[in-house]
Amino acid sequence: MNLLIADNYDEMSRMAAEILINEVKANPSIVLGLATGSTPVGMYKQLIQDHRSNGTDYSQVQTVNLDEYIGLEKTDPNSYFRFMQENLFKFINIAEEKRHIPNGTAVDPHAEAERYDHLVQQLGGIDLQVLGIGQNGHIGFNEPGTPFSIRTHIVNLADSTRRANARFFDKFEQVPEHAITMGIANILESRHILLLASGASKADSIKRLMEGDISEIFPASALKLHKNATIIADQQALQLTQIK
Ligand code: GLP
205 MNLLIADNYD EMSRMAAEIL INEVKANPSI VLGLATGSTP VGMYKQLIQD HRSNGTDYSQ
265 VQTVNLDEYI GLEKTDPNSY FRFMQENLFK FINIAEEKRH IPNGTAVDPH AEAERYDHLV
325 QQLGGIDLQV LGIGQNGHIG FNEPGTPFSI RTHIVNLADS TRRANARFFD KFEQVPEHAI
385 TMGIANILES RHILLLASGA SKADSIKRLM EGDISEIFPA SALKLHKNAT IIADQQALQL
445 TQIK
């Protein structure tokens with residue numbers, strides 16, 4: 205893993221956006237794996253600003269999102285579909301038919317997971333996968349204990365994940381108990397992985413990622429098996445990590 209150190213959230217976001225924009229310019233029909241959560245929002249803002257000022261073109265880009273809650277309508281303010289609309293898609297020229305997110309209201313979620321997995325393969329796999337990290341080391345919604353060999357699947361969300369994400373909902377009980385997520389195998393097949401981490405709440409998980417063993421108990425440690433994974437972490441996220 206290659207570690208890039210940012211002073212703060214804004215610098216992390218700028219560094220991540222620069223990498224992504226350069227990859228889009230080098231490969232206009234790139235397949236981008238996108239993430240939700242608070243972490244990538246600043247990067248998305250940078251992409252929007254760059255698109256407005258410099259006209260970076262996304263018309264041939266395909267996007268595949270990592271995950272979606274099961275049971276939330278696309279219009280629900282907490283669906284990841286809506287998150288992507290509000291934080292990115294409304295503002296840059298990715299064609300509507302080239303934006304892909306698992307359907308959280310499919311009648312048969314398992315069949316939907318299978319469809320989504322095939323779709324990612326039909327697109328030729330992911331060129332650049334953006335990731336955040338959960339406080340328990342989850343990536344996408346792959347919770348501790350998930351086999352690294354698993355592909356797109358349905359998950360029971362850990363209580364700690366539901367609590368961490370409850371801040372977006374009116375109350376904890378509204379946080380869905382299940383989600384569809386790309387698996388760790390899909391993530392590891394990406395040609396380049398970019399994991400972002402900011403703030404003191406990620407300090408433990410970043411220490412474990414940088415210094416701990418590779419273990420299914422800590423899903424993000426799978427990135428150590430990848431030959432082109434870049435971590436961009438800010439000083440607060442790195443405060444417990446020994447940097448050599
Ligand atoms: C959610 C998402 C993850 C994300 C994580 C961290 O559980 N499914 O993809 O990385 O939250 O979120 P945040 O960036 O808000 O800390």
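Residues in the sequence shown are numbered from 205 upward in steps of one, following our numbering. Note that CB positions come from ideal geometry on N, CA and C, so glycine has one too. These numbers were taken from a predicted model, which means no experiment stands behind them.
Of the candidates TYR284, SER283, GLN333, ASN231, ASN231 places its Cα closest to the Cα of THR260. With three or more CB-CB distances shorter than 8 Å, the stretch 351 to 365 counts as touching the stretch 385 to 404. Here ILE421 is exposed, its C-beta having fewer than 16 other C-beta atoms within 10 Å. Bridge partners of THR267 according to DSSP: LEU236, ARG303. HIS396 counts as buried, since at least 16 other C-beta atoms from the protein chains shown sit within 10 angstroms of its C-beta.
In the three-state scheme derived from DSSP, where H, G and I count as helix and E and B as strand, ILE209 is classed as strand.
Residue environment: HIS342 is assigned as buried (16 or more neighbouring CB atoms within 10 Å of its CB, all protein chains considered).
LEU399 is positioned such that its CB atom lies closer than 9 Å to that of ILE337. The C-beta separation of GLU277 from THR243 comes to about 25 Å, leaving the pair out of contact by the 8 Å criterion.
Relative to the ligand GLP, LEU335 has its C-beta within less than 8 Å of a heavy atom.
Beta-bridge annotation (DSSP): GLU272 is paired with ILE384.
At least one heavy atom of the ligand GLP sits closer than 8 Å to the Cβ of ILE343. In the three-state reduction of the DSSP assignment, LEU323 falls in the helix class, which pools H, G and I. With a cutoff of 8 Å, LEU270 counts as near the ligand GLP, since its C-beta is closer than that to a heavy atom of the ligand.
By the C-beta density criterion, THR279 is exposed, having fewer than 16 other C-beta atoms within 10 angstroms. Contact check for SER402 against GLY416 fails: the beta carbons are separated by 9 Å or more.
Within the DSSP secondary-structure output, ALA433 pairs in a beta bridge with ILE397.
Per DSSP, ASN340 is not a residue of any beta strand (DSSP E), being assigned neither H nor E. Taken through DSSP and simplified to helix, strand or coil, ASN231 comes out as coil. Of the candidates THR350, ASP321, GLU301, the residue whose Cα lies closest to the Cα of ASN340 is THR350. Taking non-hydrogen atoms of the ligand GLP into account, the C-beta of GLY241 is found less than 8 Å away from one of them.
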